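Novice: Protein chains in written order, with numbering that gives the first Met the number 0: chain A, 0 to 225; chain B, 0 to 225; chain C, 0 to 223; chain D, 0 to 223.
The beta-carbon is built from N, C-alpha and C at its ideal position, and this holds for glycine as well.
Just so it is clear, the structure is predicted and the values come from calculations on it, not from any experiment.
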Amino acid sequence: MINKILASPADAVRLIPDGAVLLTGGFINCGFADELLEALHVQGTRNLTVIANNPSVGERGMSHLLRDGRISRLICSYSRKEGTTLIEDLLESGTLALEIVPQGTLAERIRCNGAGIPGFYTRTGVGTPLAAGKEHRDFDGETYIFEPAIKADFALIRALRGDRWGNLSYDKAARNFNPVMAMSTAVTIAQVDELVDLGSIDPEHVITPGIFVQHVVATSVATRKS
Amino acid sequence: MINKILASPADAVRLIPDGAVLLTGGFINCGFADELLEALHVQGTRNLTVIANNPSVGERGMSHLLRDGRISRLICSYSRKEGTTLIEDLLESGTLALEIVPQGTLAERIRCNGAGIPGFYTRTGVGTPLAAGKEHRDFDGETYIFEPAIKADFALIRALRGDRWGNLSYDKAARNFNPVMAMSTAVTIAQVDELVDLGSIDPEHVITPGIFVQHVVATSVATRKS
Amino acid sequence: MNNLTRQQIAWRVAQDIPEGAYVNLGSGMPLTVSDYVPATREVMFHSENGLLGVGPRQAQAIKDMNLVNAGNIPVTLLPGGSFFHHCDSFVMVRGGHIDISVLGAYQVGQNGDLANWDLPQGRKAPAVGGAMDLAVGAKKVFVMMEYFAKDGSAKIVEHCNLPLTGLKCVTTAYTDIAVLDLINGKVFVRELIEGITLHTLQAETDVELHASPQLALLKPPALT
Amino acid sequence: MNNLTRQQIAWRVAQDIPEGAYVNLGSGMPLTVSDYVPATREVMFHSENGLLGVGPRQAQAIKDMNLVNAGNIPVTLLPGGSFFHHCDSFVMVRGGHIDISVLGAYQVGQNGDLANWDLPQGRKAPAVGGAMDLAVGAKKVFVMMEYFAKDGSAKIVEHCNLPLTGLKCVTTAYTDIAVLDLINGKVFVRELIEGITLHTLQAETDVELHASPQLALLKPPALT
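Set out below in structure tokens:
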């Protein structure tokens with residue numbers, strides 16, 4: 000019997016070594032896998048590269064990893080963290096390397112990796128500081144730049160419901176980068192609010208088919224079923 | 000009030016001139032916009048370029064267009080039509096030009112056009128006759144070929160349910176190329192089995208958001224609502 | 000001479016959004032534009048975090064933080080709205096499916112170049128978000144800004160000297176004293192508030208201003 | 000000497016599909032492989048027209064032609080299955096998410112090259128379908144074929160002379176008389192039916208055959 004369900008966030012993050020490259024879903028503070036990131040903090044993992052739309056503004060998880068210098072490199076579209084100068088302090092002290100990527104380019108670069116596509120050409124960013132050093136090429140009289148696929152070791156994502164095959168559904172705007180990141184890596188770990196029986200998610204409404212998910216961890220054991 | 004609903008297939012295809020380039024959803028014989036294609040036949044439109052996974056094996060719609068020589072060019076992954084030598088006859092008589100594209104490459108080339116991406120690199124087809132004349136490029140020691148975006152004037156797609164904003168849901172494997180083609184062109188016309196009220200399709204379960212659909216035609220007026 | 004308030008600029012932008020348009024509102028000031036679209040006009044608001052059919056803000060009592068716009072403001076979704084993931088959201092943006100993008104601006108070049116994001120300056124962490132995608136992807140780009148920068152210079156310039164967001168992308172600039180259309184490298188003044196003439200505005204602006212054939216008075220309603 | 004029937008080749012392939020594998024079955028002969036996976040083993044069958052978790056064929060009475068596999072055969076979907084569009088389906092294929100692709104073959108090169116599609120030959124219309132994507136995208140490519148072509152030559156060849164589907168992609172060839180692993184440009188015979196030795200097979204095969212360390216008897220059950 001296929002069973003992708005792990006007992007706890009701690010069990011799940013045990014797979015993740017120092018120096019790992021992580022995709023982490025979420026937008027502003029919506030749809031982050033806070034419990035997985037928190038477990039990673041507790042585990043003491045360091046020297047992480049994190050690819051996220053933005054550093055989570057929540058109090059748990061990524062905030063703790065950043066505060067304690069566990070993240071050495073951040074690739075994001077928006078690096079500000081409301082109500083704190085944490086990012087500014089880290090950048091100033093030289094302990095955090097930062098790459099800024101336009102939001103749509105970030106999403107597509109992540110998809111590319113999961114789709115067997117080495118990168119893509121886009122008009123986004125042409126003529127701006129973010130095009131510096133990138134391959135430029137004209138198609139039909141328009142200039143594009145080449146943006147390479149982003150490769151990562153793990154995706155830590157957040158979903159609403161999940162089953163033992165790894166099928167996932169999401170809650171409203173908490174969907175954001177999560178399904179895209181799930182497709183991208185060889186090891187996707189999904190934190191779900193609720194475990195459900197196989198078939199509980201209508202096959203027409205599965206947003207992330209289980210093929211893209213290797214491990215599922217529930218944060219609410221009350222609803223656990225197998 | 001936004002109302003994308005047209006009264007009949009005939010009204011919808013009136014937009015389509017001779018010489019148009021059409022994306023048509025469907026796979027084998029599942030999910031084709033038969034009534035739109037049939038109306039196009041009745042309208043007498045000719046010199047069409049059709050991009051489809053395969054020529055429909057059904058008796059209506061695309062079969063009639065092919066039989067009467069209205070399709071001068073076919074881009075597909077699979078050109079055989081079961082139970083007939085129609086395609087062979089057309090190829091032999093020189094009235095049909097044919098381009099064969101691997102199925103996944105076809106889908107991605109269509110997506111590219113709707114995504115503002117001029118084409119993509121793929122390993123699919125490298126070393127085969129279908130790579131002839133195409134740009135080759137190595138990434139990380141692997142060889143890829145460049146496949147350009149497919150541009151079309153119209154997409155004729157088939158869905159299960161649609162509303163006046165153009166939101167669509169599909170029926171099982173009849174989904175196939177339809178949502179991908181909807182995204183790709185400036186003018187997407189959807190044949191739906193059933194018109195439903197705004198909000199009837201759960202926002203979590205909308206497969207094609209209305210932004211990708213310009214016109215909706217129902218084949219069953221019995222269920223029409225606004 | 001009454002400069003437009005921010006609300007009045009938002010109101011002015013809203014008047015130029017036609018029924019049926021697909022519109023993305025940038026964070027900050029642009030987000031208020033939806034408040035001023037006439038109730039009889041159906042407009043589809045897109046939020047790049049995966050929402051189409053964004054409705055009014057949530058009532059205080061609800062506070063569903065999984066239903067927020069790109070500015071993290073709790074919103075509602077209209078019947079007929081939809082949710083989708085980030086790649087699909089930016090297919091809409093990059094692929095030219097959004098009719099109008101409304102963005103803030105630090106500078107606008109007379110050729111339509113836009114500068115509206117921060118490279119590291121002083122201690123501020125950099126942030127570009129979806130602005131670059133919206134600038135090149137939307138069919139029209141409306142910007143909202145004060146006409147003059149804090150140093151008194153016009154924000155509409157011959158060449159932007161701040162980091163660019165996109166090239167030749169701005170269609171119209173809505174400011175506190177004028178509405179400016181950017182057409183083929185020229186700046187056309189379409190509306191001016193009472194008490195300002197094209198002549199007096201030109202005196203304080205380095206780039207050449209042209210009178211739009213539709214030159215009219217910019218007269219917003221009183222708004223709070 | 001009893002050559003395997005097509006059903007027995009399908010049975011043999013099925014034995015090499017482990018629990019939890021994501022497997023795509025090509026049209027024709029490969030589609031029957033799922034019939035022979037032990038009922039205790041959970042395997043996820045993918046169909047490139049947008050299905051994951053494909054179950055047994057539909058009972059005659061149902062006949063839902065919107066629920067078909069890539070061979071247009073009406074099938075069922077298991078609880079936990081899902082539907083998706085063609086781009087997502089080929090993200091699964093091209094992106095390396097499918098563990099095993101089972102395809103038919105006209106020829107297999109000793110380096111793993113695969114020839115299994117038709118360029119125009121005589122009056123037949125060309126068709127490639129998803130074979131090229133599956134050949135390069137799946138982690139392992141299993142092919143099913145008769146060992147000998149109609150003209151008596153072995154289908155495993157030094158260099159394919161039919162139009163190629165993919166380069167160096169075939170992992171294992173399952174035939175009516177032998178199972179062959181293709182490893183680093185060499186052909187290893189893993190199983191042989193009773194009455195055939197590596198020596199006798201070599202005599203009828205142009206490419207050099209090596210004995211696999213696991214060389215064993217290929218002995219299928221009787222199947223109808």
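May I ask you to list the residues that DSSP assigns as paired with GLU98(B)?
Specialist: ILE74(B), per the DSSP bridge assignment.
Novice: On the criterion of 16 or more Cβ atoms from any shown chain inside 10 Å, does GLN190(B) qualify as buried, or is it exposed?
Specialist: buried
Novice: Roughly how far, in whole angstroms, is the beta-carbon of THR121(B) from the beta-carbon of ALA154(B), given that I think they are within contact range, below 8 Å?
Specialist: Contact flag wrong, Cβ pair sits at about 22 Å.
Novice: Excluding the five sequence neighbours on either side, which residues of its own chain have a C-beta within less than 7 Å of the C-beta of ILE27(B), listed in chain order?
Specialist: Within the same chain, and ignoring the five residues on either side of ILE27(B) in sequence, the residues whose Cβ sits closer than 7 Å to its Cβ are ASN53 and VAL56.
Novice: Looking at the unbroken alpha helix (DSSP H) that takes in THR199(D), where does it start and where does it end?
Specialist: Following the DSSP letters along the chain, one finds THR199(D) inside the alpha helix (DSSP H) bounded by residues 197 to 202.
Novice: Could you check if HIS135(A) is buried or exposed, using at least 16 other CB atoms within 10 Å of its CB as the buried criterion?
Specialist: Exposed.
Novice: Would a C-beta distance cut-off of 7 Å place LEU113(D) and GLY70(D) closer than the cut-off?
Specialist: no
Novice: Between ARG56(C) and the rest of its own chain, which residues show a CB-CB distance below 8 Å, the 5 nearest in sequence each way excluded?
Specialist: ILE72, PRO73, VAL74 and THR75
Novice: Measure the C-alpha to C-alpha separation of ILE176(C) and GLY126(A) and round it to an integer number of angstroms.
Specialist: 29 Å
Novice: Does the beta carbon of LEU76(D) sit closer than 7 Å to a beta carbon anywhere in chain A?
Specialist: At least one C-beta of chain A is nearer than 7 Å to the C-beta of LEU76(D).
Novice: Please tell me whether VAL191(B) has its Cβ less than 7 Å away from any Cβ of chain D.
Specialist: no
Novice: DSSP beta-bridge partners for SER81(D)?
Specialist: LEU51(D)
Novice: Between the C-alpha atoms of GLY103(B) and GLY124(B), what's the straight-line distance to the nearest angstrom?
Specialist: 11 Å
Novice: Between which two residues does the alpha helix (DSSP H) harbouring GLN213(D) extend?
Specialist: First-last for GLN213(D): 208 to 216, but that is the beta strand (DSSP E), not the alpha helix (DSSP H).
Novice: List, in order along the chain, the chain B residues whose C-beta lies closer than 7 Å to that of CYS86(D)?
Specialist: ALA106, GLU107, ARG110 and VAL179
Novice: Does the beta carbon of ASP162(B) fall short of 6 Å from some heavy atom of the ligand HEM?
Specialist: As for the ligand HEM, it is missing from this structure, which has no ligand bound.
Novice: Counting only beta-carbon atoms, is HIS135(B) nearer than 7 Å to chain A?
Specialist: no
Novice: Would LYS80(A) be called buried (16 or more neighbouring beta carbons within 10 Å of its own) or exposed?
Specialist: Looking at its Cβ environment, which holds 16 or more other Cβ atoms inside 10 Å, LYS80(A) is buried.
Novice: Hey, would you say PRO125(D) sits closer than 7 Å to SER78(B), going by beta carbons?
Specialist: yes
Novice: From the beta carbon of VAL90(D), is the nearest beta carbon of chain A less than 7 Å away?
Specialist: yes
Novice: Alpha carbon to alpha carbon, what distance is there between GLY108(D) and GLY165(D)?
Specialist: 10 Å
Novice: Output, in chain order, the set of chain C residues within a Cβ distance shorter than 8 Å of VAL186(B).
Specialist: Near VAL186(B) there are no residues of chain C at all, since even the closest Cβ is about 12 Å away, more than 8 Å.
Novice: From this set, MET131(C), VAL135(C) and VAL67(C), which residue's C-alpha is nearest PHE44(C)'s C-alpha?
Specialist: Selected option, being the one with the closest Cα: VAL67(C).
Novice: By the 10 Å Cβ neighbour count, where 16 or more other Cβ atoms means buried, how is ASP87(C) classified, buried or exposed?
Specialist: The residue in question, ASP87(C), is buried, as its Cβ has 16 or more Cβ neighbours within 10 Å.
Novice: Under the rule that 16 or more other beta-carbon atoms within 10 Å means buried, what is THR222(A), buried or exposed?
Specialist: Because THR222(A) sits at a pLDDT of 43, beneath the cut-off of 50, its placement in the model cannot be relied upon, and the following sentence gives the value as read from the coordinates. The residue in question, THR222(A), is exposed, as its Cβ has fewer than 16 Cβ neighbours within 10 Å.
Novice: Looking at the C-beta of THR222(A), does it have a partner C-beta in chain C at a distance below 7 Å?
Specialist: Residue placement at THR222(A) cannot be trusted, given a pLDDT of 43 that sits under 50; the coordinates are not used to answer.
Novice: Should LEU227(C) go down as buried or exposed, given a rule of 16 or more other Cβ atoms within 10 Å for buried?
Specialist: As shown, chain C starts at 0 and ends at 223. That puts residue 227(C) outside it, with no answer to give.
Novice: Quick check: is the beta carbon of PRO147(A) nearer than 7 Å to any beta carbon in chain C?
Specialist: no
Novice: Take GLY18(B) as the anchor and find which of GLY43(B), ILE144(B) and ARG160(B) has the nearest alpha-carbon.
Specialist: GLY43(B)
Novice: Can GLY164(A) and ILE4(A) be called in contact, C-beta distance under 7 Å?
Specialist: Rather than Gly, the amino acid found at residue 164(A) in this sequence is Trp. Cβ atoms of TRP164(A) and ILE4(A): not closer than 7 Å.
Novice: Does the beta carbon of ILE116(A) come closer than 7 Å to any beta carbon on chain B?
Specialist: yes
Novice: Would a check of beta-carbon distances place MET131(D) closer than 7 Å to chain B?
Specialist: For MET131(D), a Cβ of chain B is located within less than 7 Å of the residue's own Cβ.
Novice: Classify LEU3(D) as helix, strand or coil using the three-state DSSP reduction.
Specialist: coil
Novice: Please give the ranges of any beta strand (DSSP E) in the stretch 7 to 49 of chain B, keeping only runs that are unbroken, at least 3 residues long and fully inside the region.
Specialist: Qualifying beta strand (DSSP E) stretches, in chain order: 20 to 23.
Novice: In chain C, which residues lie less than 7 Å from VAL205(B) when you measure between Cβ atoms?
Specialist: SER81
Novice: Is TYR21(C) close to chain B? Criterion is C-beta to C-beta, closer than 7 Å.
Specialist: yes
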